[in-house]
Every structure is written in C-alpha cells, then in structure tokens.
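Protein chains in written order, with full-length UniProt numbering: chain A, 1 to 456; chain B, 1 to 456; chain C, 1 to 456.
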Amino acid sequence: MGNCIVPYCDGPKSTNIRWTLPAVCFVWQTAMIILFGVFVRYNGESDAHWAEFKMARNITSDIDNDFYFRYPSFQDVHVMIFVGFGFLMTFLKRYSFGGVGFNFLVAAFGLQWAHLLLINADFCVAGCLIAYGAVLGKVSPVQLMVMTLFGITLFAVEEYIISDLLHARDAGGSMVIHIFGGYYGLAISWVLYRPNLKESSQLQGSVYHSDVFAMIGTLFLWMFWPSFNSATCDHGDGQHRAAINTYLSLAATVLTTFAISSLSQKHGKLDMVHIQNSTLAGGVAVGTAAEFMLMPYGSLIVGFCCGLLSTLGYLYITPFMEKKLKIQDTCGIHNLHAMPGVIGGIVGAITAAAATESVYGKEGLVNTFDFTNEFKNRTPAVQGGYQAAAMCVAVCFGIGGGTLVGLILRMPIWGDVTDDNCFNDEFYWEVPDEEEIVVPVLEYNNHMTPNKHTDM
Amino acid sequence: MGNCIVPYCDGPKSTNIRWTLPAVCFVWQTAMIILFGVFVRYNGESDAHWAEFKMARNITSDIDNDFYFRYPSFQDVHVMIFVGFGFLMTFLKRYSFGGVGFNFLVAAFGLQWAHLLLINADFCVAGCLIAYGAVLGKVSPVQLMVMTLFGITLFAVEEYIISDLLHARDAGGSMVIHIFGGYYGLAISWVLYRPNLKESSQLQGSVYHSDVFAMIGTLFLWMFWPSFNSATCDHGDGQHRAAINTYLSLAATVLTTFAISSLSQKHGKLDMVHIQNSTLAGGVAVGTAAEFMLMPYGSLIVGFCCGLLSTLGYLYITPFMEKKLKIQDTCGIHNLHAMPGVIGGIVGAITAAAATESVYGKEGLVNTFDFTNEFKNRTPAVQGGYQAAAMCVAVCFGIGGGTLVGLILRMPIWGDVTDDNCFNDEFYWEVPDEEEIVVPVLEYNNHMTPNKHTDM
Amino acid sequence: MGNCIVPYCDGPKSTNIRWTLPAVCFVWQTAMIILFGVFVRYNGESDAHWAEFKMARNITSDIDNDFYFRYPSFQDVHVMIFVGFGFLMTFLKRYSFGGVGFNFLVAAFGLQWAHLLLINADFCVAGCLIAYGAVLGKVSPVQLMVMTLFGITLFAVEEYIISDLLHARDAGGSMVIHIFGGYYGLAISWVLYRPNLKESSQLQGSVYHSDVFAMIGTLFLWMFWPSFNSATCDHGDGQHRAAINTYLSLAATVLTTFAISSLSQKHGKLDMVHIQNSTLAGGVAVGTAAEFMLMPYGSLIVGFCCGLLSTLGYLYITPFMEKKLKIQDTCGIHNLHAMPGVIGGIVGAITAAAATESVYGKEGLVNTFDFTNEFKNRTPAVQGGYQAAAMCVAVCFGIGGGTLVGLILRMPIWGDVTDDNCFNDEFYWEVPDEEEIVVPVLEYNNHMTPNKHTDM
C-alpha cells in the first residue's frame, strides 16, 4: 500500500531506520547482558540460599517472603506501564501502532537500564513514558530509545538527591516521576519545535474506535493508580492509607473533569480528550502526600481541584503553550503530569509541614517521615521545606535535562519524519490495507442508501 | 460534523446539558467533601496510630495489616466495575463513548456516596451500573447521576435490612446487588417507556469492532467474578470456597450458553449478544450460596441451568417484555442479573435450609452462617426462611424504588433525547469525524472493485 | 446479511453446527456434572471443616489459608488464558469473534476437564489454546472441542510421566505446555492440510484496529508471564526467582524482536506480527529454568536469543513449513511456542546439570530440585539427563497425539468450512452489518472527495 498513497522518501530527510534501530537494540541489549553479568545478583529473598537468609532474619515461614506482599501491587503497576500508558496513547487515528508499540519497546529497555541504576524499575520507566506523551507521533523510535537512556540516568541522579540527600518523601512520585517526566518531555518538545506541524493536522485527531481504545488505557491507569502510589511504601498503615487517599482523590477528579468538559462546549457536549486524561490528574497530585495523614476529605479536595485545573489546562494552557511558547504537547502531559505534579509537590510540602504528633501519634510521625538516624531531629516544619526544595530539584532536572537531550535529538541522524508526515504509522510500521470494508460497503450501497445511486 | 448530519435542537426537548451536568457534578462533589470532612476518618488499619492499634490487638507484624489480604480481591472488583461493566456497554455501534464514559462517571460518584452510607463502595456501585444497562442509550448523564444518588441510598437501606435485621447471608450479592439492581433498572425503564424507540433501531445494534470491545468487558467480568463473590467473605475457608464455586459455575454457564445460542439459529450460528452476556449469569446465580457447601457439582448445576435460562431469556423473554410489558431493556439485564439473581436467592435459601453439622462441622456451621450473639439459636431451616424473605425485600426495593425514581426522571428537565435519537453519542459527546477511511476507500475503489464505477 | 454476500451451503460440506455444537456442549457439560459429583470435593483449605484442618496442621490464623498466597498469581494466569490468548487471536480482519469467542468456549470446557484429571486447570488449558493458534480460522468449534478433550487427556498423561515418573522440573511448562501444545497443534494442522488455502488469502491478514486488539492480548500475556512461570512453584525463594527471571527474559526479547523485525524490511518498517508474537518467546524459553539459579544475566541471554530466533522463524521457517512441509500455522505457534519451548527444555537441562551446592546452598539444592524421598540420591548431572528425556517425551506426545487427533478431525462430520471460506466469522457467527459507516461515508462524499461523484 504505502508506496503509492503516502510516499516516503530516502531524500533530504530519510525515515529509514533499518540500520539504526537494530543497531541501538542489539548494542544496548548486549551492554545490558554484560552489565547484569557484572553487577546484578538475586537478593536474599530470591536467592536459593533463602534457607540461610530466613534463619539469619528469624523469618519462620516461606509465606513471609516479601514476594507475597509486594507482587500484587507490582503487577498492578506493570499493567499501568504497559497497558495503561500504551493504550492511552492509541487515541490518534493513525498512530495506534506507534503509541502502544513504541511504549512497549521503551518500557522494556527502560526497565532493564533502571534495574542497573536503582531499584524501582517500573516506576522509573513511567517518567520516560510521560515524556513520550509530549512528542508522540513526532519522533522516531531511535530518538525514543535515546530519550529513555538519558531519561532514566537523569532520573536516577534526581531520585538520589531527592530521596537520600534531601530525605524528601514522595510515595507516588508526584515530584520524582511526574514533575520530572513532564518537564523533561516538554523541554524536549520545545527544542524539537516543528513550525509546520499543522500540515499533519489531518492526522492529529482521533477516530471513534481509537478513542475507545484509549479508554482502556485511561481506565487501567485510573483503577491501578492506588497501587502505584502505595507500591513502594513501607508495609503497614502508610501503604494502606496511600491506596485510600489515591482512590478518593481520583474519584473526585472524575466529577470535576466531566463538569468542566461539559461547561466548555456550546451544547454541553463532553470531549474525550478531557475524559481520557484529566480524570487521572488527581492520582498525580495526591502522589507525594498519599502516605501522609491527608485525611479522606483532603484527598477529595485535591482531586476536585485537579480535575478542574487539568481540564482548563487542555482548554486554555495547551493552545497557549503551542502558540506562544512554541511547545507542542501531543498528549497534553502538561495538564496530566507536570501541573498536577507541581500541585502534588505543594500539597506534600504543606501536609508535611503541618504534621503533628497528635494527628500521627509519636511513633506514627517517626515512621511516616522516617525521622530516624541522621534525620531523627528533623521537625515537620523543616521537612516541609525540604519537600519544597525537592520539587525545585525535579523541575530543574526536567527542564535542564530535557533541553540537553533535545539538542542531542536534533541531530539529523535519527530518522524522524518531516513536519507534514507526523502522526502517521506508515513510516515505521507495515500498515495493513483496509480491504475488510469492501463487503459491507457494497452491501450498504444496495440496501441502505438506495437514493445515492439513483440520483446520480 | 454533528450539526448538518444529525441535528440536535434546543426546541421542544433540549439535550443541552451544559448547565445541568456541571451543576450536578460540582454541587454533589462539594457536598461529598463536606460530608467526608464531618463523617469519614481512617480506620485503625490505615491510621498513622497503627502502632498503638497493633499493640492493642496483639498484631505482631506490619504484614498482618488487612490491606495485604483484601487489596488483591478489591482490585479485581475494581476492574470489574470500571473495565468490566464499562466495556460490556460499548457494544452499540454509536454509543461506546456513552457506555464506557458514563459508566465511569456514575461509578466514580457512586463509590463516594456509598462510602458515606456503608462500606463496600465498589460493590454497591455495581447495583447502579446494572440498572444503567436497562436504560443504556436512552437517558441523559444527569438522569444517570440522579438514578445513582437514589440507587445507592435505597441499596444502603435494603442492605441493612437484609444483612443486619434479617441476618441473611449474601456473599456475592445475588439478592442485594443483582435482584435489586436488575429490578431497579427495569422499573425505571418501564416508567420511562419510549413508544417510538423503533425509530432509533438503526443504531440499536453493534458493529464488528464494537462487539470485540464488549468482549473485553465480558471477559474481565467473567474472570474476576470469583473475586467479586468472595471479596467480602470472612477470611479462611469461606472466602476460598466462594472463589471455587463461582469459578466452576461460570465455566458451566459458558457451555450451555454456546449450546442454546447455536440451537436457536437456523444454521447454528452463534449470537454475540448471548456470548457477551449469558456466559456471566452463572456468577450471579451462585452469588448467595458461594460461601456455602454448595459442592463443586452443585456449582456446575447452577451454572448449567443459568446459561440455559439466560440465553432463552434473550431469545423469548426480552422481546415479550418489550412488546407486552412495555419494558425496554437495552442490555438485557433481566436475563443477566434479575432472573439469575432470583435463581441465586432460591439456591441460597435451599442450600442454607439444608445445611447440617455433618457437612459443615460444628464450628463450620456457626462460622458460615454467623450463628452468634442474638442469632446463636437460629437453625439452618429458619435461616433458609430468612434467606427467602431477604429475596422478597430485594425485589420490593428494586421495583418500588425504581418506579419512584422513574417518576422523578420523567420530569422534562433532565436533557434526555427524543425517541428517534436514542443510542447516539452525538448528543452528549464530541464525536470525531471518520476521515481516516478516506484513503483506504479511495484505494479500494481503484484496486478491489473495478466494476463498481464502470457499470455506473 | 450472510445469505446474499457470502453464501454458505448445506451441500457437499455443510458448516451447519446447529445440532453438533449444542449436542457436544450439553453432553459434555452433563458428563462433567456427574463426574464432579462422584469425584470432586473441596480440599482442606476450602472445606467448612477448616477449623479442624487448621488445628490438625497447627495453622494459627485464617489468613494463613493458602488462598491468600496463591490467588493473586492464579488470577494473573486466568487473565492470560482468557484475555491474553483470546485477544492475541483477534488479529485477523474477519475472525475476531472466532478468535476470542472460541478461545472462551475451549478454555471454559478445558478447565473443567482438567480439574477432573489433575490440578492446575488453567495451566493445562494453555496447551490446547496454543494448539488452537495453529488451526485458527480453519476448524469448526466442534473440532476445537474434540481437540481440547483429547489434548487435556494427553496432557494429563504426559505431565504425569514428566513430573512424577521422570521427576523433571518444569515450573513454567516450557516442555509440558509449550512443546506439547505447539507440536500437538502443528501435527493436527499438518494432517488437516488445506491445499487451496490461498483462496482465503484475502481474509488471512489483519486490519488496523484488529492489530490493536491483538496488542491487548500480547501485553496481558507479556505482563503476567512472570506469574505464569512462578504460579505453581513452591512458596519462597523459588517462586520469587521464577518471577524475576521471566521478567528479565521477556524484557530482552522485546529489544531483539524489534531489531530483527526492522532489519528484515527494506525501509526498516516494523511488522505487527513479530511485535505481537515474538516478544513473548522469552517467557516460553525461560519456563523450565525459571526457578533455577539461572542468574539475571542468564535470563537476559535466553530472552535475547529467543527474540532473535522467533522473529527469524516468522520470516523464514513459517513460509518454509507451509511450502515444503505442508504445515499451515495461522498464528505461527512454531515460532512462539514450539521452538522456544525446545530452547527452554535445553536451557533447563543444562542449568540443572550445572547446579552446584556452592551456588544453591545445600538446602537450596534439595529444595529447588526436590531431591527428596526416592530421589534423594539424584545428582544435578543425572537430573539434567532426566530433563532432556522429559523434553523428548513432550515432543513425542505432541506429534503423536496431534497426528492421531488430526485423523479423527478429518472425518467429514464436524462442520468445518471449505478451503476458500477460511478465516471468516460469517459461517459460525451472526455478524452485524456495517451500517455505522453510512453517515461518515456520506459525509466524506460531500466534503472530502468532491471529485468522486462529479466525474461519474
């Protein structure tokens, strides 16, 4: 099909990735094998010396292996990364293969690289997938791999500064994942600005069934977000509370998203873009404070505000950013991740600063904020300050890192498409012909619209 | 697009929900925040005072927090509510946005309201989503919100009567959820009877891919139904048994559904409506008795009968109800929920009445039926009677409540469509143009059907 | 619709299954009920005598019921069987109903039959669903039921020989499931060779959205494969390790699959067939050795090789098998299951033979390979030999069993289609008309392609 309808060329800007993509995949995967061979071993809970490990730790039973208490939450997060993010990005009419397929590639590479640099591999990958949302349909798979390589590396440094040096708490990653990932993607998109993108505008939209596919992504993200925000919490009340707070915040977001979406259109019609994206903003914004004593009504308030702001973002901020700031944001990650992430950072800082022993209990306060060892004299007020500092670190890493990586990606060697060929799977995928509709169309000509032929 | 093809008007019956839907969403979400602020606090397992709570209860380890033993089942139920019910209702050719989107809105509101009135929020919401199935495509989102507000309230009262006053057991909610939700929806649909619905008949059907989307809903409901029926059981054998019984009943239902569906058509062809819906009836019907000693073969028998009856329902009862009783049931919830729910209530009453100490063990009998405190002298035979009484309560609440709410919904202020505009997303959603098919259709004109143009 | 467009006939080869399919379903389901009535009872963990059971085993708490430590993994496997396999087979443009629908029927029957013969019902069903992949679109549902009946029976015998007699380890079923299922399906397809299949070639391909549906299957299989390979392991380090090894192997497979897929096409375009299938091969190949001390880098190496070989299989081996060996393999199960299964068997044998006390620890070695009772004197080297023998058993059962069952399926009574009517839902399903596209097509006639009508 391709050749005759949508010509691609090997001319001024080639999209041929026949050598670059395999080269990147093979070289990096080989590097992973070597690095894993040198650095990665099973931990005590998964090593065959578990019998000795158990004895040393006074663990009495095989069913006390942490596997049973982490694995269900891990699997929920896994679904978010691959089905959630993947299908959320299938909404474009002719970029569904790229949305779900490149998400798959990026996540599978990213989690290996993340394993080498730190622990929570699936989490860390989320930052890069968020960034992908800003440049969806405008970059080549090779560029995505480069984005991921640097993104995970930057994430590892940023996370070390925020968690270890600043000792800021960020259970659901409002700051380390969403602020960083959001601004990282926006900065890259800004550097890669495409002045003639409107020539691809015919493809920059959805069709009926691609919107339904995207709802698969939305719902799996929405449902499992409580697992995401609670997955890495310490066992006990904090993890339990993180799930509850996220659940409630997300529920409130849905109602205000529907409200603003309806309000914004002349006849009150709802816009699928808002429903697919803004309904998730409450999960982002409650991320940092999810394990704190935010209180159920506090979670609802956070969700309420985020549904409202995120939908207004799609209506007013995204067009403004595109026109005035030259930032083209395909999925609107500024409204779904960056801005709610900042809200989440602020909520986290305030909630931390306002923590008291009467609300948390003496032991609860220490456990929740991990005021132990060198941090045992830290007060909630001081913690609030460090939370705010952490937010600034995340913003800086996102914007700074994204700008640098964007410059690398501007090199003309990565096989990206021209401005008038964006959002088109045709260039990187074998796209099937649509022969299937022959039979029904013929039939409808006979049965359904008799006038059509007779009036010719 | 909309304006020229499918005109909506602000005339006699306006579908403009620009003010009503946002108003309902904002006011109710604000009310939720206030009520949560006054009434809702974390429980002992999720409060930061967990350290004191643990000590008071002699809980030795953080991993004994109930979170780890409830959360995986809860997440399965969560998937059923949002993906299962949501995608099951995408089967209509032009109401997929409404099916999955309004399901999302209703569930997100309903679970907050349910939280205030009782505990099992996701469960309770299921009743309202069942009712939505009867009126799918015929009501406005504002009407759905009203249905949900009253539905959850009625559910709370009904559940209190059945569980607390009658002390009836209903692990999977055959009575409290399915009978109530089913008759609630059918009664509303009866009051809202649309005499000229056949003028929308062009849209009251599926297309190829909308049927495949609906199968996503079917399968997630089918797979996680064992979690649904066992999620609220007491820990131990009862929960384990509820999962097994449901699993087996559902498996049997699939075979008899395929059998009757094939038998009913001249050439033995299967009907997607049956496969999408009737295969689930076994999960409904085994709900009450799931935690009882129904025995594996008993579960198979229940499933066998339900697949058979539910499919026959689609073939004979639904058309009868529509023509003679003036009850229009879009998704056939009578066959999937109401009727199997009644079977479930009867099976539960008989199984309870037939319980003996030899089958359950002395302690097992007390645990299973919770014959403690003021109920410690109740016998299985008496319990059977109360189970039957509970079923009647559920039917009455469903029919009575649905009739009253239906009358409220007949007020001409809710923005619903006229009879000839049902099942059409066009009125409440921005629906994308289908430009994507231009290229393939052009191509097929050239390649595939050369005769079409030449013979004109 | 059907009648006028795609005629089916009651002539020489009738596809009418109106009596055979219901008969098979009813008779077999009735047989299941009787057999369950005679043979199947609740086990100690799910029987109401749990109180006595607990006391006898010194189990102190209800939350030590094995339900809580098996059920989450079981549910993941359940999703793989019904959504994973089901949606993976929706990729054909006009066989999505058959792909997901017959998968549902086969699995629901198979798991009951498996329950009677052994324990891991969902696992065992996987073998038959793999075999379905080879004959997708070419057999009737009645033939599938027969295939499943014999397939599960053969599996039960094979699994007894491999696990009990040979005492081979096969945590993820590389041999007992994938080798057996793969060759079983290929042998059946070989016996049922269709010489004129190319006349159905118009339908033997995908359309844009059917490829996206298939990605749902791919991703749920990919994500939950760690659960599949670890679900039946003993509790503790082995289960934990099996999940980690599978996770890593699958990640590596993705990169090499993308690499070879891109390398194989002139302009480096990716092929959805490879992405949907070959990315899963690493999960198959790591199955046997998943619970061994394969080491993280070892898992990556296995995944690396499998992505490469599986994709090359789609490019070269599948066409070769079709042309030279007369084996028509619709889904390419040879590349996804049979061949990676053999690799998995070999990796398992080598890893077992190379096991040492220094790597596993004394107790770890005994636990991992279960060197207890009559096998307490077995050495790793001998175990490696038995692993290799097990692989041969699996191959023989697959090829031998498949050939015999294929001969049974060649009888002209099963209602299968002729060679020129394969891959078409039209014969076994009521397929909806495509009326939905009337409005958009009309509109595009007016707006998008003005020339089309004017030049007529």
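Ideal Cβ placement from N, Cα and C applies to all residues, glycine included. Given the structure is predicted, the values throughout are model-derived calculations rather than measurements.
Please list, in chain order, the chain A residues whose beta carbon lies closer than 9 angstroms to that of residue i.
| i | result |
| --- | --- |
| B:T90 | V212 and M215 |
| C:P72 | Y68, Y71, P72 and Q75 |
| C:M293 | Y42, D47 and A48 |
| C:D170 | Per Cβ cutoff of 9 angstroms: no residues; C:D170 is ~18 angstroms from chain A at best. |
Less than 7 angstroms between the C-beta atoms of residue i and residue j, yes or no?
| i | j | result |
| --- | --- | --- |
| C:V83 | C:F228 | no |
| B:T256 | B:G307 | yes |
| C:F258 | A:C392 | no |
| C:S261 | C:T318 | no |
| B:E199 | A:K269 | no |
| A:G110 | A:V100 | no |
| C:A231 | C:T253 | no |
| B:V40 | A:P296 | yes |
| A:G344 | A:A390 | no |
| C:A352 | C:G384 | yes |
| A:V79 | C:M223 | yes |
| B:G364 | C:H49 | yes |
| B:S264 | B:L315 | yes |
| A:A131 | A:A121 | no |
Which residues of chain A have a Cβ atom closer than 7 angstroms to the Cβ of residue i, listed in chain order?
| i | result |
| --- | --- |
| B:P412 | Neighbours of B:P412 on chain A: none; closest Cβ ~17 angstroms, over 7 angstroms. |
| C:R241 | Y42 and S46 |
| C:F304 | Q29 and I33 |
| B:L111 | A251 |
| C:H178 | Those do not exist, as C:H178 stays about 21 angstroms from chain A at its closest Cβ, beyond 7 angstroms. |
Please compile the residues from chain B whose C-beta is within a distance smaller than 8 angstroms of the C-beta of residue i.
| i | result |
| --- | --- |
| A:E363 | A51 and E52 |
| A:H115 | Neighbours of A:H115 on chain B: none; closest Cβ ~25 angstroms, over 8 angstroms. |
Using a 10 Å radius around the Cβ and a threshold of 16 neighbouring Cβ atoms, would you call residue i buried or exposed?
| i | result |
| --- | --- |
| C:V441 | At C:V441, the pLDDT of 36 sits below 50, so the modelled position is not reliable and the matter cannot be decided from this model. |
| B:L21 | buried |
| B:Y42 | buried |
| C:I333 | buried |
| B:P195 | exposed |
| A:T15 | buried |
| B:L325 | exposed |
| B:P72 | buried |
List the DSSP bridge partners of residue i.
| i | result |
| --- | --- |
| B:L270 | C:W429 |
Anything in chain C within Cβ reach of residue i, meaning under 7 angstroms, just list it in chain order.
| i | result |
| --- | --- |
| A:A25 | In the sequence as presented, Ala is not what sits at residue 25 of chain A; that position holds Cys. Those are L255, T256, F258 and A259, listed as they occur along chain C. |
| A:F36 | P296, Y297 and L300 |
| B:G348 | Within 7 angstroms Cβ-Cβ: nothing; B:G348 doesn't reach chain C, min ~15 angstroms. |
| A:G129 | Reading off the sequence, residue 129 of chain A comes out as Leu, not Gly. Within 7 angstroms Cβ-Cβ: nothing; A:L129 doesn't reach chain C, min ~13 angstroms. |
| B:S310 | Correct list: empty, because the minimum Cβ distance to chain C is about 15 angstroms. |
Name, please, each residue of chain C whose Cβ falls closer than 8 angstroms to the Cβ of residue i.
| i | result |
| --- | --- |
| B:M223 | Q75, H78, V79, F82 and V83 |
| B:Y360 | A48 and H49 |
What residues of chain E sit near residue i, judged by a beta carbon separation below 7 angstroms?
| i | result |
| --- | --- |
| A:A108 | Looking at the structure shown, chain E is missing, and the protein chains on hand are A, B and C. |
Anything in chain C within Cβ reach of residue i, meaning under 9 angstroms, just list it in chain order.
| i | result |
| --- | --- |
| A:L219 | Those within 9 angstroms of A:L219 in chain C number zero; the least Cβ separation is about 13 angstroms. |
Which chain B residues are close to residue i, counting only those with a beta carbon under 9 angstroms from its beta carbon?
| i | result |
| --- | --- |
| A:S61 | Simply none; closest approach about 11 angstroms. |
What are the residues in the segment 402-435 of chain B lying within 7 angstroms of chain A by C-beta distance?
Y428, W429, E430, V431, P432, E434 and E435
Compile a chain-ordered list of the residues in the segment 261-284 of chain A whose CB is closer than 8 angstroms to at least one CB of chain B.
S262, L263, Q265, K266, H267, G268, K269, L270, D271, M272, I275 and T279
Which residues, taken in chain order from the segment 190-208 of chain B, show a beta carbon closer than 7 angstroms to some beta carbon of chain C?
Q202, G205, S206, V207 and Y208
Which residues, taken in chain order from the segment 93-105 of chain A, show a beta carbon closer than 9 angstroms to some beta carbon of chain B?
K93 and R94
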